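The structure appears right after this line, and notes come after that.
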Amino acid sequence: EEIKVDVGLDKPVVIDTEQPLKLALFIEIGTNSAVQSTITGVEKMAAKYGFSYDVFDARFDVARQINQMETALFNGYNAWIVVPVEGSQVCDMVTKRAPAENVLVAHATGTACGRSSMEGEDLWSPGTLTYVGGNETPGAFKAIMEKAAADNPGRQKVGILTGPNLHPITVSFDKALDEIKKEYPDFEVVALHRTDYSPPDNQMKTQTMLQANPDLSIMVGAYTNMSKGAVPALEAAGKQGQVKVYEAGGTEWSVEALKSGAIQATTGFYRQTAAEAAAQAILDARAGKKVPRVILNDGHALIPGQEAGKVGLVTRDNVAQYTPESP
Amino acid sequence: MTDSLAIAAQPIATGRRHFVDIALRYGLIIVLVVLVAVSQFLYPRFLDPQNIKNILSQNAPLGIVAVGMTLVMITRGFDLSVGASYAAGATVFASLAVAGWSLWWAGAVTLLIGLVAGLINGTIITRINVNPFVATLGTTSVFSGLALLYSNSSPFVVSDKTFAMIGRGSFLDVPISIWILAAVLVVGELVLARTVYGRSLYAIGGNDEAARLAGLPTAMLRTSTYVICGVCAALGGMIIASRLSIGQADIGTSMALDSIAVVVIGGTSLMGGEGSVWRSAIGLMIVAVLTNLLDSLAVDSNYQLVIKGTIVVAAVALDAFARSRR
Amino acid sequence: MTDSLAIAAQPIATGRRHFVDIALRYGLIIVLVVLVAVSQFLYPRFLDPQNIKNILSQNAPLGIVAVGMTLVMITRGFDLSVGASYAAGATVFASLAVAGWSLWWAGAVTLLIGLVAGLINGTIITRINVNPFVATLGTTSVFSGLALLYSNSSPFVVSDKTFAMIGRGSFLDVPISIWILAAVLVVGELVLARTVYGRSLYAIGGNDEAARLAGLPTAMLRTSTYVICGVCAALGGMIIASRLSIGQADIGTSMALDSIAVVVIGGTSLMGGEGSVWRSAIGLMIVAVLTNLLDSLAVDSNYQLVIKGTIVVAAVALDAFARSRR
Amino acid sequence: MSTLAAQRPPAIRLRGVRKSFGMVEALKPVTLDVEAGKIHALVGQNGAGKSTTLGILAGRIAASGGDIEIGGSRVELGDPRRARAAGVVAIYQELTIVPALSAVANVFLGQTYARRGLLAEAAMRRRFHELTARLGVTISAEAEARSLSVADQQTLEILRALEANARIILFDEPTTALAPPEREALFKVMRDLRAAGHTLIYVSHNLDEVLDISDAISVFRNGRLIETRPRPDWTKSRLVAAMLGEDMGDIYHRRPAARPLGGPPALSVLGCSLPGAIEGIGFSVRAGEVLGIGGLVGSGRSSLLRAVAGLEPQSSGSMEIGGKAVEWPRTPRAARRLGIALVPEDRKHQGLVLGLPAADNVTLPNFGAVAPFGLINNRYMTDRSAVATRAFGFDPRRLAAPVGTLSGGNQQKVLLARWAYERPKILLVDEPTRGIDVGAKSEILNSLRAFADQGLAVIIVSSELEEICALADRVVVLAEGRLVDHIDSNRAELSVHLVLNSAFGVERHHHD
Ligand SMILES: Nc1ncnc2c1ncn2[C@@H]1O[C@H](COP(=O)(O)OP(=O)(O)OP(=O)(O)O)[C@@H](O)[C@H]1O
Ligand SMILES: Nc1ncnc2c1ncn2[C@@H]1O[C@H](COP(=O)(O)OP(=O)(O)OP(=O)(O)O)[C@@H](O)[C@H]1O
Ligand SMILES: [Mg+2]
Ligand SMILES: [Mg+2]
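Residue numbers (our numbering), protein chains in the order written: chain A, 228 to 554; chain B, 396 to 721; chain C, 396 to 721; chain D, 649 to 1160.
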């Protein structure tokens, strides 16, 4: 029997229900703890519903990810969960070639086709089944920056740790920063450093930043790895507490750092539940159910005060109610 | 008149040399054949024509760059900047297409940029005598900085369908990128093995002083290899841009190491004076087959690292052993 | 009886040689001094003691690895696997601390792992005669795969405060990591310049065949350089783990290229037989000062690439020019 | 005819040409005319500036001053390409072979036959055979140059110069590695070239050959051109006197063993074989004795030494040291432990670390002896190497110079001095006087004898058969990789002739 799934193209994706679900999970880098929780999510769903899946690790190399997708097309995987290394370059693969071969594609965090700085329904790319996430969008980063601005009224000297150019998270982080700079004139960015996401690099950049800007009062990082470098640098310089650290990422490390006061706030990242929701969407679509194009509320436990589908801010006050999904 | 020993020993020696030569060549080819056989055994769709096409077209840019790198390395050179030239090529090609240029002109300008990049490398290395490692490490940084500035750190997305032809189109049911790879390999092999130019490169790499004393324009010849390498890198960048319909300046970071690896696995020494395009082609295929096999079997990426590293070292060890037996 | 020409010329020649030597040394040192002066001019807090401490302690791991790399490269070797050993060192050290080992034992085991990694490299290279480039490219892959498997791709976060001492503690108001760096540099320089072992390395790098014929245990000596390099990389890993209180297996990807760059910028040739630790130290400082300056001025990262590449090439060109003038 | 020649402009005219390397004045202003269509020889001690002169003419070295005219017009050299364009090619003293390329490719280096850029391999191979035939040698065209003996490599260089067919050909010690028959062939070719109107400059330490072939001879001393005279004005002793400023006497006077030889052999070898090179060779040598190994080029002499010194892992045989059976050495280190040391024939590639100072090269086998507590003491090193080198007439003040900047002869002295510093029990020397001037040659031969007198067993291979006859107590002769004769010192007739006869004996046999 055949089920037709509308993915926003002229031609629907046709599913042969005789064929069991064979899922390919494409991740950007397997050595990142956040990405590990994506795998955990899929693993959990596979155990629950009894389907087979394989993990393809691009090791931060987009050409490699595209090759892996081509190989997967050839090997008959009929559904993909994709965390793109870089959205623009996988665009053609996930929105054209995969649906053309009747493959259902779901994004579990990370968008395609240059949509990483968009919000809401625009996060979905026609040709794919659904997008799950919302915590790495400009809105999410803006929320943490607004939190930093709100916590610290008056003139602030801010240091920024972000990722390399063209990296999707960097793109949406940068967009949020641009908006904040316009809306909060007191939020003065005195230094912006592009790092390679590694803690050592961030440690080094933080030291330099502190030296050049002794009156720095706030640091905002795009991910926990930024804080992993920034916090020891602050400690070494004896500036704990004096410089307040805000980040996105919400990992186990962040929870500990919040408790100890090393960082002020983080955003919840829910890659495991996002992966689960993406797998669920694929299962639903294969069962003929209608699937929303964008799933911002992937079903993770909400922090008190958090609205479903909106970014959750984790602070010292509510950290007890937050369960990190990544180590 | 003299050397009667040599005369007597000649036929035997030649016989032995031939046998050794064959074993030498086959050392690496045997590794590849065994690898292919094992792949087919572990993964029955391996030899499916589509899979072969995938492998070849996926590795076309790397293979093309490796040909340029082979020339450079035969003259005892080194080019780390191929990744940057590759990225610059992709970016410029896509940007010109976006700007509405005809593909021919866009391609010509892109290749010209690769040529200029190579000329800069070659000049720094041969005229100012900067070690190729530092020189091309420095130009890598400069070229990618310029490409990022040019692109304003954004991708150029090309909507024009014909743009995708080089990377995705087919001719006689074989992807065009494979045709280009094949052409570059054949021309590269012919140039190295059969032309005066190629012979001169071996001479320079084997003994630069001897080549200079024999009257070869060594600085110019060495510069030319960087130029060719830069053009190859830009061509590789064109293919990847066309394949993805996008050009952006942050790609190709592993291109330098990968292409050098392919060349060296093929048995070309870092010390120059030896190597060949067909050897690099086999090095390329060993890496490509291994990657495809491990991905097709969806082997865990950490185990992939261990397995790939081990097999590559073992393959090269075998080749080295075969050569030392002569 | 012979060469009376030479005899006559000798005293002058020595005088000149000294002068030339000084100019040679100062070629690179002058670059550094100018760079420091410009930095202080553009960024008045540059020479602040805290900034100097930052620069040195940040670059301590790189500097330590560069010392090991210098030894390897003097013997005409190459070690791409330092990044993997560095990451493995950080991971193992942190994991043992998490497991409650005493720091001494954890440190000893970590260094031992670096030693074993180096031994594996050295053995593959000198006994099985695999090209150092491929050999260490392969072991990079294997070592990082193993480190990732060991750590289950997750970081080890150390809460014990004493663990942070190596990376963050101070002695006599100078960070301990700087003391370690200084110790490694001084020992490295002494070993290379003054010991039988060091002199033998130069001989091997200059002409392996001649050294072998003279009865030096060339294979063992070359292996030993990889062992030292592996230990240095593991030590660097310990420092970074201690500084961050975290050990994770995905760091250090740029360590190999960075450390080779530092050594080569210092003027050690890829062709072996020359170079020294103090030269590598200056190479390190040139890179470190440049990075610190550009970051302190918060120069846009794309412009940083262009500026850094240009200055590095210019510095090395100047050094090459100074040397060719002798 | 001579009047006609006199009216032609000189082929080469040097006016105040000089060269300094840093502060070392290698060549003081030289003024020299070389007549066209003649063979002009340059002689002089090691380091006298002969190679420097040729280097300037060939464009390898840029002169520091002076004018050069070639064929009557002023030229700016300083680049080998320009020299070639001016019609000058050179055979260099230090081999300029590309090791990984084939013999043919080496000969046609920089002068390839090609049609539209494509190599004309067949034509080159044909021409290669013509050239080898002309020189009367057999070298496999496809053999990699690095697998060839030094003699064959030298021959390739000569072929390369012949192929260039230039108006002016410079020969810098072309015969050092050649055996008598090849030398004869080369001289014939040189005479032919002269007859065809080419101008030849010939540098050699073999004064007999120089006197035999040249039309004019210039003598260099200490970087200065002392005098130039036509051949008839010279005799050997006048040449020597001009070179040294004193009379040398006969360098080849026989040097007998100091004391009667007896006792067990220091080294005896049985059934030494190396597939493809030598087979079943046995010999023995006593302490205090010099054993010469005679034979033609390619007869396997070097292979034998290399096998005994542990450089040929594929070799086999049995060995006794001091009467005790030991394991056949398969690495140089194993051989060194047995007390065997080798002075290789290819000093540049196998002997010296060119970038290190002379002192380091002398002390290379045992830095430990000049390094109390493992720390190298530069004074000890200089002192000890000064002692070792002095025996060879090497100026100790040059010990700090990188050995690559020394003249060929001085490099050889450094290499030999190494084993005066670190004494082995058995010393194998391959072509010890290659490129050594007459004065130093005598010193080296004396030192080798002194080695023996101090109780070493010395085995010497030399293409200068006179040397072997002068020095050796016994001679074994190899031909085609087998031992064909054994000549004792008490056979009074030990002479070049005898050795040559046995060496050729085998071949004659084959032809009969
Ligand atoms: N590159 C160099 N740097 C410094 N000194 C040099 C260099 N090349 C040659 N010399 C010196 O120049 C002098 C002349 O050397 P040259 O090679 O011309 O001597 P030669 O007459 O050919 O001696 P030989 O008979 O030993 O070959 C020597 O003192 C030598 O050490
Ligand atoms: N390892 C080897 N394998 C095969 N052939 C070899 C090997 N070594 C040497 N030969 C060949 O054996 C022959 C003897 O070489 P060898 O160098 O011992 O001769 P030789 O008498 O010393 O001559 P020369 O005076 O030129 O050094 C040569 O033809 C050489 O090419
Ligand atoms: Mg000379
Ligand atoms: Mg010989």
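Just so it is clear, CB atoms sit at the ideal spot from N, CA and C, and this is done for glycine as well.
This one's a predicted model, so the numbers in the text were calculated from it and none came from an experiment.
Interface residues of chain D around residue 597(B) at Cβ under 8 Å?
Start at 1 with the first residue of the second sequence, and residue 597(B) comes out as number 202. Per Cβ cutoff of 8 Å: 746, 748, 749, 753.
Note down, in chain order, each residue of its chain lying with its Cβ closer than 6 Å to the Cβ of residue 458(B), except the 5 sequence neighbours on either side.
For the purposes of this step, residue 458(B) is taken as residue 63 along the second sequence, with counting starting at 1. For residue 458(B), where only same-chain residues beyond five positions count, the Cβ hits under 6 Å are 576, 679.
Could I get the ranges of all uninterrupted beta strand (DSSP E) runs contained in the segment 671 to 756 of chain D, with 3 residues as the minimum, in chain order?
Entirely contained in the segment 671 to 756 of chain D, the beta strand (DSSP E) runs reaching 3 residues are, in chain order, 672 to 682, 687 to 692, 713 to 718, 721 to 723, 736 to 739.
Determine, using beta carbons only, whether residue 341(A) comes closer than 8 Å to chain B.
The residue labelled residue 341(A) in the question sits at position 114 within the first sequence. It does; some Cβ of chain B falls within 8 Å.
DSSP has residue 570(B) in a bridge; who is on the other side?
Taking the first residue of the second sequence as 1, we reach residue 570(B) at position 175. DSSP output for residue 570(B) lists 565(B) as bridge partner(s).
Using a threshold of 7 Å, is the CB atom of residue 458(C) nearer than that to any non-hydrogen atom of ligand 3?
Counted from its first residue, the third sequence places residue 458(C) at position 63. Because no heavy atom of ligand 3 lies under 7 Å away, the Cβ of residue 458(C) does not count as near it: no.
Less than 8 Å between CB atoms is the rule here; does residue 766(D) satisfy it with respect to chain B?
For the purposes of this step, residue 766(D) is identified with residue 118 of the fourth sequence, where counting begins at 1. For residue 766(D), the answer is yes, since a Cβ of chain B falls inside 8 Å of its Cβ.
Give a single yes or no on whether residue 662(B) has its beta carbon closer than 7 Å to a heavy atom of ligand 3.
Position 267 of the second sequence, counted from the start, is the residue given in the question as residue 662(B). No - ligand 3 has no heavy atom lying nearer than 7 Å to the Cβ of residue 662(B).
By the criterion of Cβ-Cβ separation under 8 Å, what are the contact partners of residue 295(A) in chain C?
Here the question's residue 295(A) lines up with position 68 in the first sequence. Correct list: empty, because the minimum Cβ distance to chain C is about 17 Å.
Does the distance between the C-beta of residue 683(B) and the nearest non-hydrogen atom of ligand 1 fall short of 7 Å?
Along the second sequence, read from residue 1 onward, the residue named residue 683(B) stands at position 288. The answer is no for residue 683(B).
Take residue 711(B) as the anchor and find which of 699(B), 490(B), 563(B), 677(B) has the nearest alpha-carbon.
Working through the second sequence from its first residue, we reach residue 711(B) at position 316. That would be 677(B), whose Cα lies nearest to the Cα of residue 711(B).
Does residue 355(B) have its Cβ less than 8 Å from a Cβ in chain D?
Outside the modelled stretch of chain B, which goes from 396 to 721, sits residue 355(B), for which no answer is possible.
Please determine, among 435(B), 431(B), 552(B), the residue with the shortest C-alpha to C-alpha distance to residue 486(B).
Reading the second sequence from its first residue, position 91 is the one you call residue 486(B). It is 552(B) whose Cα lies nearest to the Cα of residue 486(B).
Contact criterion: CB-CB distance below 8 Å. Does residue 551(A) meet it with respect to chain C?
The residue given as residue 551(A) occupies position 324 in the first sequence. Residue 551(A) does not count as touching chain C.
Mapping DSSP to helix, strand and coil, what is residue 488(B)?
Position 93 of the second sequence, counted from the start, is the residue given in the question as residue 488(B). Residue state, collapsed to three classes: helix.
Give, in chain order, every residue of the segment 844 to 855 of chain D whose Cβ lies closer than 8 Å to some Cβ of chain C.
Cβ contacts with chain C: none found.
Could you tell me whether the segment 508 to 526 of chain B touches the segment 574 to 593 of chain B, where touching means 3 or more Cβ pairs closer than 8 Å?
Touching, no.
Counting only Cβ-Cβ distances shorter than 7 Å, please list the residues of the segment 421 to 443 of chain A near chain C, keeping chain order.
Of all residues in the segment 421 to 443 of chain A, 421, 425, 426, 427, 430, 431, 432, 434, 435, 438, 439 have a Cβ within less than 7 Å of some Cβ in chain C.
Where does residue 746(C) land, buried or exposed, given buried means 16+ other C-beta within 10 angstroms?
Outside the shown range of chain C, which is 396 to 721, sits residue 746(C), and nothing can be said about it.
DSSP puts residue 266(A) in a beta bridge; with which residues?
On the first sequence, position 39 is the one that residue 266(A) refers to. None, per the DSSP bridge assignment.
I want to verify the contact list: residues of chain B whose CB lies under 9 Å from the CB of residue 708(D), in sequence order.
Within the fourth sequence, numbered from 1, the residue matching residue 708(D) stands at position 60. Within chain B, the residues near residue 708(D) are 604, 607, 608.
Among all the DSSP beta bridges, which residues are the ones paired with residue 548(B)?
Taking the second sequence and counting its residues from 1, one reaches residue 548(B) at position 153. Beta-bridge pairing links residue 548(B) to no other residue.
Within its chain, find whatever has a CB closer than 7 Å to the CB of residue 379(A); leave out the 5 residues flanking it on each side and keep chain order.
Taking the first sequence and counting its residues from 1, the one referred to as residue 379(A) is at position 152. Closer than 7 Å at Cβ, skipping near neighbours: 444, 445, 471.
Can you give the Cα-Cα distance for residue 895(D) and residue 861(D), rounded to whole angstroms?
As a first step, residue 895(D) is located in the fourth sequence; it is residue number 247 there, counting from the start. As a first step, residue 861(D) is located in the fourth sequence; it is residue number 213 there, counting from the start. Interpretation of residue 895(D) is limited by its pLDDT of 48, a score under 50 that renders its predicted location unreliable; the figure taken from the coordinates is listed afterwards. Using only the alpha carbons, I get a separation of about 23 Å.
Quick one: what's got a C-beta closer than 7 Å to residue 488(B)'s C-beta in the same chain, skipping five residues either side?
On the second sequence, position 93 is the one that residue 488(B) refers to. Cβ neighbours of residue 488(B) beyond the five flanking positions: 501, 502, 505, 632, 633, 636, 642.
So with CB distances below 9 Å, who are the chain D contacts of residue 592(B)?
Indexing the second sequence from 1 puts residue 592(B) at position 197. Here the neighbours are 765.
Is residue 1056(D) near ligand 3, judged by its Cβ being under 7 Å from some heavy atom?
Mapped onto the fourth sequence, residue 1056(D) falls at position 408. Residue 1056(D): yes, Cβ under 7 Å from ligand 3.
Judging by CA-CA distance, which residue of 260(A), 265(A), 352(A), 297(A) is the nearest neighbour of residue 520(A)?
As a working mapping, residue 520(A) is identified with position 293 in the first sequence. Nearest C-alpha to residue 520(A): 352(A).
When the Cα atoms are used, what is the spatial distance from residue 241(A) to residue 439(B)?
Start at 1 with the first residue of the first sequence, and residue 241(A) comes out as number 14. Start at 1 with the first residue of the second sequence, and residue 439(B) comes out as number 44. Each residue's Cα considered, the two are about 27 Å apart.
Please classify residue 783(D): does DSSP put it in a helix, a strand, or coil?
Here residue 783(D) corresponds to residue number 135 of the fourth sequence, with the count starting at 1. Here residue 783(D) sits in helix by DSSP.
Looking at the strands, I want to know which residues DSSP matches up with residue 641(B).
Residue 641(B) sits at position 246 when you count from the first residue of the second sequence. Answer is 552(B).
Would you say residue 439(C) faces chain A, with C-beta separation under 8 Å as the test?
Taking the third sequence and counting its residues from 1, the one referred to as residue 439(C) is at position 44. No, its Cβ sits nowhere closer than 8 Å to a Cβ of chain A.
For a quick check, are the C-beta atoms of residue 892(D) and residue 691(D) less than 8 Å apart?
On the fourth sequence, residue 892(D) is found 244 positions in, with the first residue counted as 1. On the fourth sequence, residue 691(D) is found 43 positions in, with the first residue counted as 1. Contact flag unset, no.
Verify the CB distance criterion: does residue 644(C) have a CB-CB separation below 8 Å to chain A?
Residue 644(C) sits at position 249 when you count from the first residue of the third sequence. It does; some Cβ of chain A falls within 8 Å.
What would DSSP say about residue 546(A), mapped onto helix, strand or coil?
Working through the first sequence from its first residue, we reach residue 546(A) at position 319. Residue state, collapsed to three classes: helix.
Measure the alpha-carbon distance for residue 837(D) versus residue 687(D) and round it to whole angstroms.
In the fourth sequence, counting from the first residue as 1, residue 837(D) sits at position 189. In the fourth sequence, counting from the first residue as 1, residue 687(D) sits at position 39. Cα to Cα, the separation comes out at about 12 Å.
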